[in-house]
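Accompanying notes for the structure given below.
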Amino acid sequence: MKDNRRLDLILAAGIFALIALPWYRVRSGFFSFDWLTDIISSDNLWPGLVQALTGRLQLWPVIILLGATLYLRVTQPPEQRGKALSWIGALGLVWMSIEGLSIGLRGWNWGQLQTMFGDVAGQPAFGAGAVVIGVVFALLIAFGQAERGALKGDAFVIGAITLLVLLVATFVFYPLASMFIGAFQDFDGSFTSEGVLSNIVDPKIWSLSCLIGGNCGVAWRTFFLAICTATGSTLLGLCFALVATRTGFRFKKSLRLLTVLPIITPPFVVGLALTMMLGRSGMVTHWIEALTGWELGRWLYGLTGIWIAQMLSFTPIAFLVLIGVVEGISPSMEEASQTLRSDRWRTFKKVSLPLMAPGLANAFLIGFIESMADFGNPLVLGGSGGVLSTEIFFAVVGAQNDPSRAAVLATVLLIFTLSAFLLQRFWLSGKNFATVTGKGDGGRHAQLPKRVGWPVTAIVIFWGAFTLCVYTMVLFGGFVKLWGLDHTLTFDHYIRAFGITWDGGMNMVGVAWDSFWTTLKIALIAAPLTAAVGLLTAWLIVRQNFPGRSVFEFALMMSFAIPGTVIGISYIMAFNLPPLQMTGTAVILIACFVFRNMPVGVRGGVAAMAQLDASLDEASLTLGASSARTMRKVILPLMKPAILAALVYSFVRAITSISAVIFLVSSKYNMATAYIVGLVENGEYGVAIAYSSVLIFVMIAVIGSFQLLVGERRIRRQASPQFAHDKEKIV
Amino acid sequence: MSNSFHGAVEFRNVRKEFGKFTAIPALSLDIKPGELVTLLGPSGCGKTTTLRMLAGLESPTAGQILIGGQDVTRLPADRRDVSMVFQSYALFPHMTVVQNVAYGLEAGGMTAKKSHAAAEDALALVGLKGLGQRLPAELSGGQQQRVAVARALVLEPQVLLLDEPLSNLDARLRRHVRTEIRELQQRLGFTAVYVTHDQEEALAVSDRIVVMKDGHVEQIGTPRDLYEAPASEFIADFIGEANVVDAQVISVKDDQAEVDLGGVILSLPARDAKIGPVRVSLRANAMRVRQSTENTSGVAGVIATSAYLGDHVEYEIDGPLGRIFAVDDESDTPLPEGTAVRLDLRLRGIALIPAGAK
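As you go down the protein sequences, you meet chains A and B in turn.
Using UniProt numbering, the first residue of the first sequence is number 1, and each one after it goes up by one.
Using UniProt numbering, the first residue of the second sequence is number 1, and each one after it goes up by one.
Here is the structure:
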């Protein structure tokens, strides 16, 4: 019987983990397999059963629960044991969380427990054995429910849901919770509200005195900046979208290339290039000063500079969202207006623009969230007046070392972005007029009226040229000896970064190789995992009707609005100590990438899945194929383009992101972006720029070969705004 | 497997709720082996939900479903011995026709070679020999439909489920394919459950028809039962758009009732009617429309609208029975509006509707 086979399988895995795998974390890393030689001699490597027998009473419940499962397996038929199995699984998970969280490295984590139960031996973090048992418990819940007939008794579906919930809880909500708790904890772990109170009322965060001429708090500064950036990038994006779709502009096609830029550009590169143009020793600054004799000074460093950099960075994103909106408006609406005695200007004003309004609001909110979450540009251009994301960073890494302050700042930032996200989600949902009906409504989009067309085209040409200059600067800067002082051309920076010597075989002596390969390796591991988790989730959300589905989907999408900096700080706070200790490993980086980029995979998958008729799945099921087989034989082959897109996207994102990564890198696992930021901080602009250009080219190559592989595929008059911004939403 | 239940289907008090909405309050239904039963009803009546519960694509909130005498209520779709022909056909677009048909066999563990041979046989059965290597997109709508049938039949399921299998075909093809399906079913003798909202289709293919409304079974019977003796006004109206009019039962004797219908006295099967007012189902073709101003036999009336439709003329006629819909397939020239007519009633196509039913 199938029901028994799967249960037997996980029971076997559980028992194996209990008697053969180290229960606790192996310091040298589980996959080095060094522990195999020492598992008998070193008591830290003993498996769970031995640990329990040698006095760790907290493991007994685990063993008892597994024993009970074994008993049920032998004595009860599937229909009758289902409920009990689910309970065992749930109890097991709850117990492991409780004992893991309450007993730390040096005994009880909280004083009250010590007074209640007396001393207890400390324990290290969970290791392979514990993790396997945790998964077994989760699957017990799922299989129990399947045997009771929940979700049509489909064990694969319930299992996938349970594991996903467990993973999201562990890697999204547990860190956030740890961060909030961390805000209230002192260094010794005792609770105090002192740090929180002093930070919450700190005028450096909340002061509004800039309205009367002073300096505003960092929260308000960030907020104003985000409003300005969102407004600017939305307007510019609209101009680009209008020119690309409704004018006879000659270079329309190349405008679309612009949309690729933010995907392949590491976030601080724009800021860096701006410095080289407009900074104190910038090229343009020099020209202007030479021509006019004015002293321009440091105007770029601060909110103005960040604002310009962010507009450069995020206009392409707004463009992308708005192309979908502008194209999505049914041409028949505009044609109807024209046949109703309205000229082009009236049609544009009375029909086209109002129809675009929800899309514009959407682009605005996305720009707002992007700006809030941006870390790279403020880091490079912030100078003394930082924004929330950089303040969080300096609160942990700088001389301040004030985790409580970081947590408070992170919470403030989170509240801002989540509010914007909630607005986007609830206020805008259902207000979109631009939809793909699937019915062929023919017709052509009306051209822009002249009085709009000309100024809009002029703006687009100006901004396009500016963007082009900035990127040229990035490429050019890597070949200049010392920016601002000595403009002789040189390959020095490239050699220093990517030098190779040949004495006695190939030696990669360049300083960048190390982080470069680490980055590629981690991105290559993270990408398939991200795609898999994202698409599996998409499939569950679209095709399976389980209780709590909308909550599940909402929680996932919400994790998108969590700024990278907040993720970084929360991961440190959660995974630095038992029960889950991962800082300094590659696992934490991979987990961070997977759960940060997963929502994109989910959205892409949902969009792709929506185009597959649900009856295809059902046909497969009624033909006797299991859910897993259906997934493999029907869904996956049909989703190939979406899978490839998700793969490429998560690969590229893993390479370019910085905000969360910078908290999580270690000397062993350093990532390219974090390394470049280090170079910038040391003033090695040349090498930093050279390294950045190499990254950009690597990513162009990756995306280019992906495009060749999949080919340009356009589905109907697709671009519903939702879909358009699915693929390229970037934080 | 060849017990006497093989192919039998039973619903025992099945209830289905979607959130707060109760789609099916309590459904009990028996389908005999080798029978083609149609679930018929307007959209939203629960017929598709019923079919999907039988397939295992929805699980009932309460009650039991039995296939071949075995309780399958908790069994997932892939482990039920049924297969289904979908409204959209749901052919896998990335597989060839043969791969589509062999898909279910391979899922059951058959080798690729064997399953492909079986698939070719099934394709021959539905008249698609030699088209196996094409992709579904390269076939016409009718051919795709037959692939879908072959794909389901090749598994030799106890029960074949058909969810509006003809709705994506044009009218002419529909008539042809439904005959084919019926013929195949009678030749191979499998049980089939067929969902449709088209009463003509249901009448044409079914052994028995289950008419559903708001999740209830309104009436179960052979096509003739339903047409000639509708159990309720809803059935009378839904099957063949009958006029439902008021009449008076004058006397009842030996299961025959004397009925006053707009002044004409008829003798009809009583169907438990009592003396007094009664509702009568009056088919549109159960009367002959005759131009006449005289007060002779038949029911008087005046033509309100008339429409010429080639082989017949449709009238709406005002008279003592209210406005009546009538079809005249005998005369070529339509009578103009305002013409005074007499309606001569024929006994075929007139039935009392049992009291108590709506």
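Think of the CB as a built atom: it goes at the ideal place given N, C-alpha and C, for glycine as much as any other residue.
Everything numeric in this text was worked out from a predicted model, so none of it was measured.
In the structure shown, the three-state DSSP call for B/V126 is coil. Taking the Cβ atoms as the reference, B/V97 lies roughly 7 angstroms from B/P136, within the contact range of under 8 angstroms. When rounded, the separation of the alpha-carbon atoms in B/T111 and B/Y103 is 11 angstroms. Two segments are said to touch when three or more pairs of C-beta atoms, one from each, lie closer than 8 angstroms; by this definition the region 562-570 of chain A touches the region 166-180 of chain A. For A/S371 and A/A17, the gap between their C-alpha atoms comes out near 46 angstroms. Residue pairing for B/Y315: DSSP places it in a beta bridge opposite B/S306 and B/A326.
In this structure, DSSP gives B/A26 an extended state, which the three-state scheme calls strand. In the three-state scheme derived from DSSP, where H, G and I count as helix and E and B as strand, A/P77 is classed as coil. The beta carbon of A/A160 lies closer than 7 angstroms to those of L536 and L540 in the same chain, with the five residues before and after it left out. In summary, the residues of the region 627-647 of chain A whose CB is separated from some CB of chain B by less than 7 angstroms are R629, V634, P637 and L638, in the order they occur in the chain.
Contact residues of the region 36-70 of chain B toward chain A are R52, A55, G56, L57, E58 and S59 (C-beta to C-beta distance below 9 angstroms). The Cβ atoms of A/I133 and A/G14 sit closer than 8 angstroms to each other. Using a CB distance cut-off of 8 angstroms, A/A619 counts as an interface residue toward chain B.
Under the 10 Å beta carbon count, A/H493 is surrounded by 16 or more other beta carbons and is classified as buried. Assigned with DSSP and collapsed to three states, B/D260 falls in strand. With fewer than 16 neighbouring CB atoms inside 10 Å of its own CB, A/R451 falls in the exposed class. For B/D170, there is no enclosing beta strand (DSSP E), since its DSSP letter is neither H nor E. Within chain A, no C-beta atom comes nearer than 7 angstroms to that of B/M110; the closest sits roughly 10 angstroms away. The C-alpha of A/E391 is placed about 14 angstroms away from the C-alpha of A/C216. Contact check for A/A395 against A/D402 passes: the beta carbons are separated by less than 8 angstroms. Fewer than three beta-carbon pairs drawn from the region 246-265 of chain B and the region 221-234 of chain B are found closer than 8 angstroms, and the two stretches are therefore not classed as touching. A contact is defined here as three or more CB-CB pairs under 8 angstroms, and the region 363-382 of chain A meets this definition with respect to the region 256-269 of chain A.
Closer than 8 angstroms to the CB of A/L623 there is at least one CB belonging to chain B.
A/W206 carries a helical assignment under DSSP once its states are collapsed to helix, strand and coil.
In this structure, DSSP gives A/T565 a helical state, which the three-state scheme calls helix. Runs of the alpha helix (DSSP H) lying entirely within the region 25-51 of chain A, each at least 4 residues long, are 35-38 in chain order. In this structure, the straight-line span from the alpha carbon of A/S32 to that of A/F575 is close to 21 angstroms. In the structure shown, the three-state DSSP call for A/F593 is helix. Taking C-alpha positions only, B/G298 is separated from B/V280 by approximately 16 angstroms. In the DSSP assignment, A/H286 falls within the unbroken alpha helix (DSSP H) covering M283 to T292.
For B/F11, the closest Cβ of chain A is not nearer than 8 angstroms. For the region 125-141 of chain B, the beta-carbon criterion of a distance under 7 angstroms to any beta-carbon of chain A is satisfied by none of its residues. At a cut-off of 8 angstroms between beta-carbon atoms, A/G499 makes no contact with chain B. Using a Cβ-Cβ cut-off of 8 angstroms, A/E79 counts as an interface residue toward chain B, since at least one Cβ of chain B sits closer than that to its own. A direct Cα-to-Cα measurement between B/S83 and A/V136 gives close to 34 angstroms.
From the listed residues B/L184, B/H94, B/R271 and B/A77, the smallest Cα separation to B/V126 is found for B/L184.
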